[in-house]
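First the structure, in the form of structure tokens, and then the observations on it.
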Amino acid sequence: MANPIDADPNRQRETPAQRDGNAQQRDTPAAFFRGNPAPDARTGMHPIALRRAFADHLHYSRARESMSATPFDRYVALALSARDRLVDRWTKTQHTYYEQDVKRGYYLSAEFLLGRALVANLQALDIYDSYKTVLGELGLDLDELVEQEPDAGLGNGGLGRLAACFLDSMATIGLPTYGYGIRYEFGIFEQVIRDGYQVERADEWLRFGNPWEIERPEHAVPVSFGGYTERVPDKRGGFRVVWRHSEQVIGVPFDTPIAGYQSNTVNTLRLWSARAGEEFDFELFNAGDYVHAVHEKNQSEVISKVLYPNDNFDKGKELRLRQEYFFVACSIADIVNRYNRVHPDFSRFAEKNAIQLNDTHPAIAIAELMRVLIDDHLLPWEDAWKQTVGAFGYTNHTLLPEALERWPVALFERLLPRHLEIIYEINRRFLREVMDAHPQDQDRVARMSLIEEGHERHVRMAHLAVVGSHSVNGVAKLHSELVKRDLLRDFYDLWPERFNNKTNGVTFRRWLLACNPALAALVTEKVGPKWVTEFERLRELERHLDDPEFIERIAAVKRANKVALAKVIAQELDINVDPSSIFDVQIKRLHEYKRQLLNALHIVALYLRQKRGEQITPRTFIFGAKAAPGYRQAKLIIKFIHAVAYVVNGDRRHTGLRVAFMPNYRVSLAERIIPAADVSEQISTAGMEASGTGNMKLALNGALTVGTLDGANIEIRDAVGPENFFLFGLTADEVIARRGEHFEGRTAVAADPELREVIELISSGFFSPEYRELFQPLLDRLLGRDEYMMLADFKAYSACQREVEAAYADRQSWLRKSALNIARVGEFSSDRTVREYARDIWGLTPVEIDLGAAMSLV
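According to my numbering, the residues represented by the sequence shown are 609 to 1466, in order.
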């Protein structure tokens, strides 16, 4: 691309000597643009304006010139240049929402796993290619600047990544929506591997600041904890309840723009940071008590320090409840304040606001909205409840009992006394409805109560979410059926009209366009560019499946991605892997039900076959996973995978297998792994994975799935065709039956000589010579109840993997299957999912943003 500045006839050209002498001043705006007409550097899209904006920000925002600027300085300058171009759209979007008094949607989530924002925003603005060229002319590499951006540490796994995909889709579709969460200072944690063990370190993703966010201290919200309640006279001659808190924290919002893809819509993600009500006690400081002078500041700010503190201890439980209420209280106050700017009363609150609870973490929002309406705005209970139920929707994301939050009543009473009173009243009225419907069924009443009785009484947050919402949805067809049939059956019997399914999806803009540009370019060449927002167009790729050139180009893209990932593995792990081998990928949160251990057991079986002289297809197993800090069994599985890798990778006589555990799994790492995957391991115990989204991302990039009939696997298999999916394992009903029969893993071992050899090798200490019984806790769980059916499914899994090897040997057939996966997974776009939420639950319609309309800036 020619430099547009060089084409400017008004520009005085430099001699070669002058060019060399002035090279160091290229990033300095005054030097570079002297003699040129001033471009619109703030909002212009022309390369001249982009170049000027970058130079301006490097000089004026970072106070740097080319000799002193670091790569991070240049990244920030580029990010600020992009943000400038979002701001006009951002402010116009918010102005339009107010001007048209639209119904708004609010997505409350404890996690938003955003990843990096730079590429997404440049592509959304349609200036990615322009900036790549402009930076190249300055001797800079855009890819190197992209690497300077840390992943936003705001999530852990699928829950947060789904929320991020939804935000992207909401903005691209043009829905008037907002995200609300916590601005975690240290995120989840940075995973470091030492001697095969996971070690957690603080993820200091905000250490150098975040150029995308804007602090809004003027919208800070006070949040109360503790104290007691009392009844006081109100203005109408009755009584109202007043909460006399004993502690107060300030929630300060930070806004991040969420840009729609090549549209004028820019929505807002508002994240709350905790500050002390009184940050510094001057009297204590003067008295020499320097530690306690900042005690309140430290106590308050810990709320927004870390995502999901270890709740194996009472202090951890208390901090988690504080976190959840903190962000909910801030968000509800913000929603109510925004509504009150336009509406004098609350008779239309549900008509104008849709609030979606992303799992049970924000469920306390139901009690908080009731508190605000009845205590602060003096609504009668019935009116407040009507508006609350009409506004809220609840998405269930798990069938795991331990993930359905239950809080000790004693803790609730101490931290949130008013909310406990409100929950008691909600429960009283609700149970009266249950008893009217089932007068003789006291067991049902006990099962459905919001309060779990027992030695220690608990508040059931999932029950609160169901009772206080007009919609309850699962996230895959099987999951939604299991929610209705098993998890929340009593509630489904009472309110069947509230339950529905919304199968998850992923944004193709990040998970194909951004992370796999070569494949995206090939898709665009074949079906046109509209597939980026019209997912149905991917199906048109099927017309090219019999074109040998197209299939070979698919293969070339995959090969290049595998070579690139092999280099990363070599650099980071010092493991040399063969790009011609099968890249077998399992990347997801570490949990026993996700069965990374089953994968590792199969690797041991392959290693034994190799040692016996059997021919095996070369395979590279790639893992990425973090275990919760307090989840000992999961952390031991990580150690076991590393122990197996140490043996397998160190065997110089048998080189067909390689095992690579990629530490600190995160979005930016997933963006490198997924385009290179041949096989996608989706092997969770049937009936335990709500949906999964990694399965969708990998299939979209041409990986073939090895999976159980679980979560969205079922729908992916239906979409791509059974012949293009490797199925194995027990069904959800068969898992329940095995458990009912008190199945034990040792039964499977006795019936399978290969499995017995694997278990005996582990038990012998072969993988832990310094401590033979290191992995005995894993074996005890497997040989006993085998709760997650790893040994029960091992034989079927092993047979399925032989099918994978045979299929991979037929190169043309494999490539065709890969291309079919890409073509047929269009329905798993998060755009489709969000449109269904908007139509069926939220009642939202897209809003057109006119950038040319008048808007006052003062």
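Just so it is clear, CB atoms sit at the ideal spot from N, CA and C, and this is done for glycine as well.
Values in this document were obtained by computation on a predicted structure and should not be read as measured data.
Beta-carbon separation (whole angstroms), residue i vs residue j, contact threshold 8 Å
| i | j | result |
| --- | --- | --- |
| I822 | D776 | Actually they are not in contact, since the Cβ atoms of I822 and D776 sit about 19 Å apart, beyond 8 Å. |
| M1056 | T968 | That belief does not hold up - the Cβ atoms of M1056 and T968 are roughly 16 Å apart, past 8 Å. |
| V1433 | L1308 | 5 Å |
| F954 | L987 | 6 Å |
| V936 | T1003 | With 8 Å as the limit, V936 and T1003 do not qualify as a contact, their Cβ atoms being about 15 Å apart. |
| G789 | L762 | 7 Å |
| Q1420 | I1224 | That belief does not hold up - the Cβ atoms of Q1420 and I1224 are roughly 22 Å apart, past 8 Å. |
| S1088 | N1112 | Not quite, the Cβ-Cβ distance comes to about 11 Å (not below 8 Å), so this is no contact. |
| K1092 | F1116 | At roughly 30 Å, the Cβ-Cβ gap does not stay under 8 Å, so K1092 and F1116 are not in contact. |
| G1076 | F1000 | 6 Å |
| D1401 | L1206 | 7 Å |
| Q964 | L716 | 7 Å |
| K1468 | E793 | The displayed coordinates of the chain run from 609 to 1466. Any statement about residue 1468 would go beyond what the structure contains. |
Residue i classed as buried or exposed, judged by whether at least 16 other C-beta atoms fall within 10 angstroms
| i | result |
| --- | --- |
| P1330 | exposed |
| D1394 | buried |
| T785 | buried |
| S1372 | exposed |
| K1196 | buried |
| Y736 | buried |
| R1251 | The sequence as given places Ala at residue 1251; Arg does not occur at that position. Classification for A1251: buried. |
| H1350 | exposed |
| N1184 | exposed |
| K1138 | exposed |
| D1439 | buried |
| T678 | exposed |
| V1074 | buried |
| D811 | buried |
| N1169 | buried |
| Q1179 | exposed |
| K667 | First, the amino acid is wrong: residue 667 is His here, not Lys. Buried, because 16 or more other Cβ atoms sit within 10 Å of the Cβ of H667. |
Limits of the alpha helix (DSSP H) - the one that residue i falls within
| i | result |
| --- | --- |
| Y869 | Note, Y869: premise wrong, no alpha helix (DSSP H); not H, not E. |
| Y947 | 922-948 |
| Q1223 | It is not in any alpha helix (DSSP H) - Q1223 carries neither H nor E in the DSSP assignment. |
| E1033 | 1025-1045 |
| R605 | Any answer about residue 605 is impossible in this case: the structure gives the chain only from 609 up to 1466. |
| S1438 | 1438-1445 |
| H1250 | 1240-1258 |
| A1345 | 1340-1348 |
| E1160 | 1156-1181 |
| V1366 | 1361-1371 |
| P1385 | 1384-1391 |
Residues that residue i bridges to, as DSSP identifies them
| i | result |
| --- | --- |
| H1066 | P1016, E1060 |
| F1229 | D1192, V1267 |
| A1073 | According to DSSP, which records beta bridges pairwise, A1073 is partnered with nothing at all. |
| F1107 | V1080 |
| N966 | T1003 |
| E1289 | V1314 |
| N552 | Lying before the first or after the last residue shown, residue 552 is absent from the chain, which here runs from 609 to 1466. |
| E806 | For the record, residue 806 in the displayed sequence is Gln; it is not Glu. Its beta-bridge partners are I801. |
| Q856 | S832 |
| L877 | G787, T864 |
| P841 | F847 |
| G723 | A760 |
| A884 | V857 |
Limits of the beta strand (DSSP E) - the one that residue i falls within
| i | result |
| --- | --- |
| G789 | 785-790 |
| D1192 | 1190-1195 |
| I801 | 798-802 |
| E1150 | E1150 -> no beta strand (DSSP E), and no H or E assigned at all. |
| P1330 | Neither: P1330 is in no beta strand (DSSP E) and is coded neither H nor E. |
| Y715 | 712-716 |
| W851 | 847-852 |
Proximity test, residue i beta-carbon vs the ligand NAP heavy atom, cut-off 7 Å
| i | result |
| --- | --- |
| V695 | As far as ligands go, the structure on display features none, and thus does not contain the ligand NAP. |
Under 8 Å, with one C-beta from each stretch per pair, do the stretch 1257-1277 and the stretch 1415-1428 reach the 3-pair mark? Short answer: they don't touch.
Count Cβ pairs between the stretch 1284-1294 and the stretch 1336-1349 that sit closer than 8 Å; are there 3 or more? Because the criterion of three Cβ pairs below 8 Å is met, the stretch 1284-1294 and the stretch 1336-1349 touch.
With a threshold of 8 Å, are at least 3 pairs of Cβ atoms found where one atom belongs to the stretch 844-859 and the other to the stretch 710-725? Look at the beta carbons and you see the stretch 844-859 not touching the stretch 710-725: under three pairs across the two are nearer than 8 Å.
Three or more C-beta pairs below 8 Å linking the stretch 1421-1429 and the stretch 1347-1361: The stretch 1421-1429 vs the stretch 1347-1361: no contact.
Is the stretch 1224-1238 close to the stretch 1198-1213, with three or more CB pairs under 8 Å? A contact exists between the stretch 1224-1238 and the stretch 1198-1213.
Give a yes or no on contact between the stretch 753-772 and the stretch 826-841, applying the rule of three or more CB pairs nearer than 8 Å. By the Cβ test, the stretch 753-772 is not in contact with the stretch 826-841, since fewer than three Cβ pairs between them sit closer than 8 Å.
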